[in-house]
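Read the structure below first, then the notes.
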């Protein structure tokens with residue numbers, strides 16, 4: 001647990017929590033019971049998927065998370081739900097406290113993060129209502145802290161140069177893909193997410209440029225969330241739901257909030273069905289080596305101050 005001295009988190013305690021300091025600690029961390037964190041995006045954060053729900057408001061070294069942690073179970077698997085934009089959707093993408101959200105879920109004991117996100121399609125073959133299990137990202141954000149090691153007095157010391165060649169947990173992604181196929185849900189098994197700062201949508205020139213860059217879908221929240229999860233040593237995978245074609249597509253109605261919400265409402269059950277089926281499967285798998293690798297990577301990426 002975090003220790004506070006005069007209302008301030010001790011840096012020495014944060015280092016022990018955020019990174020594993022030796023091989024024995026890594027092994028112990030990887031043997032922890034599986035607990036699934038769920039970060040729900042716009043219209044995809046229904047707490048009714050959890051049984052025996054309770055709420056907990058927490059604080060972190062980075063401030064308060066977006067909303068309360070909602071604790072419960074899915075088919076007897078411990079889960080924690082977080083509404084990324086707050087339950088009333090009052091937090092715009094630039095103002096989401098991504099650091100606090102990831103820290104809070106990790107402190108709650110989550111080993112995995114399964115997140116949902118609405119996105120626009122940059123490809124003809126990715127139609128509104130389709131699911132994409134993304135495997136890469138391109139970052140176009142400009143205003144967000146992208147590290148837990150941000151140099152603040154209450155944050156872990158050092159600088160993290162976390163590798164991002166494989167941003168998402170491929171083992172977790174494979175489970176989501178297989179579940180979607182089993183359920184008969186149209187699912188694209190990979191895709192590159194381009195994250196813009198928002199809250200505005202793209203211009204047509206930007207949208208066409210993003211296609212040339214090789215992006216497949218576009219949203220406003222994957223970065224820095226996936227980066228922070230990697231620093232925290234968590235298995236992170238994203239279920240992206242295409243709600244519309246981005247404005248690159250001529251003769252198609254330009255993206256607007258009404259159409260986005262309509263498509264989300266019509267297709268939210270797809271994401272829920274995948275989660276409800278995938279989570280029990282994930283809980284039955286052996287994650288010891290995966291967790292050990294992630295924790296070791298998080299630790300070895302940190303350059304500590306010289307004394």
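In the UniProt record's numbering, the protein residues as written are 1 to 307. Every residue, glycine too, gets a C-beta built ideally from N, C-alpha and C. For clarity, every value in this text was computed on a predicted model and none was experimentally measured.
query	result
I'd like the span of the alpha helix (DSSP H) that includes residue 279, first residue to last.	257-283
Drop a sphere of 10 angstroms on the beta-carbon of residue 93, count the other beta-carbons inside from all chains shown, and report buried for 16 or more, exposed for fewer.	buried
Below 7 Å between beta carbons: does that hold for residue 246 and residue 120?	yes
Return the chain-ordered list of same chain residues with a C-beta closer than 6 Å to the C-beta of residue 227, the five sequence neighbours on each side being excluded.	146
In chain order, which continuous runs of the beta strand (DSSP E) of length 3 or greater are located wholly inside the stretch 143-205?	192-196
Would you say the stretch 157-177 touches the stretch 198-212, given that touching needs at least three Cβ pairs under 8 Å?	no
When the distance is taken between beta carbons, is residue 243 closer than 7 Å to residue 264?	yes
By alpha-carbon positions, which one of 37, 59, 64 and 168 ends up nearest to residue 72?	37
Once DSSP output is grouped into helix, strand and coil, what is the label at residue 98?	helix
State the Cα-Cα distance for the pair residue 123 and residue 195, rounded to the nearest angstrom.	16 Å
Can you name the residues that DSSP bridges to residue 36?	79 and 112
Taking the straight line between their C-alpha atoms, what separation do you get for residue 56 and residue 234?	21 Å
Is it right to say residue 230 is buried, meaning 16 or more other beta carbons lie within 10 angstroms of its own, or is it exposed?	buried
Going by DSSP in three states, residue 297 sits in which element: helix, strand or coil?	helix
For residue 28, name the three-state secondary structure that DSSP assigns.	Unreliable placement is indicated for residue 28, whose pLDDT of 42 sits below 50; the coordinate value is still reported in the next sentence. Here residue 28 sits in helix by DSSP.
Do residue 95 and residue 65 have their beta-carbon atoms positioned less than 7 Å apart in this structure?	no
Just to confirm, are residue 87 and residue 59 a CB contact at a threshold of 7 Å?	no
Using C-beta distances below 6 Å, list every residue in its chain close to residue 51, excluding the 5 sequence neighbours before and after it, in chain order.	72 and 73
Quick one, are the C-beta atoms of residue 106 and residue 298 less than 7 Å apart?	no
How far does the alpha helix (DSSP H) with residue 226 in it extend, from its first residue to its last?	222-231
What's the C-alpha gap between residue 41 and residue 104?	17 Å
In this structure, what does DSSP give as the bridge partners for residue 121?	217 and 245
Enumerate in chain order the residues of its own chain whose CB-to-CB distance from residue 260 is below 7 Å, with the five nearest sequence positions on each side excluded.	118, 243 and 244
By the 10 Å Cβ neighbour count, where 16 or more other Cβ atoms means buried, how is residue 203 classified, buried or exposed?	exposed
Does DSSP classify residue 306 as helix, strand or coil?	coil
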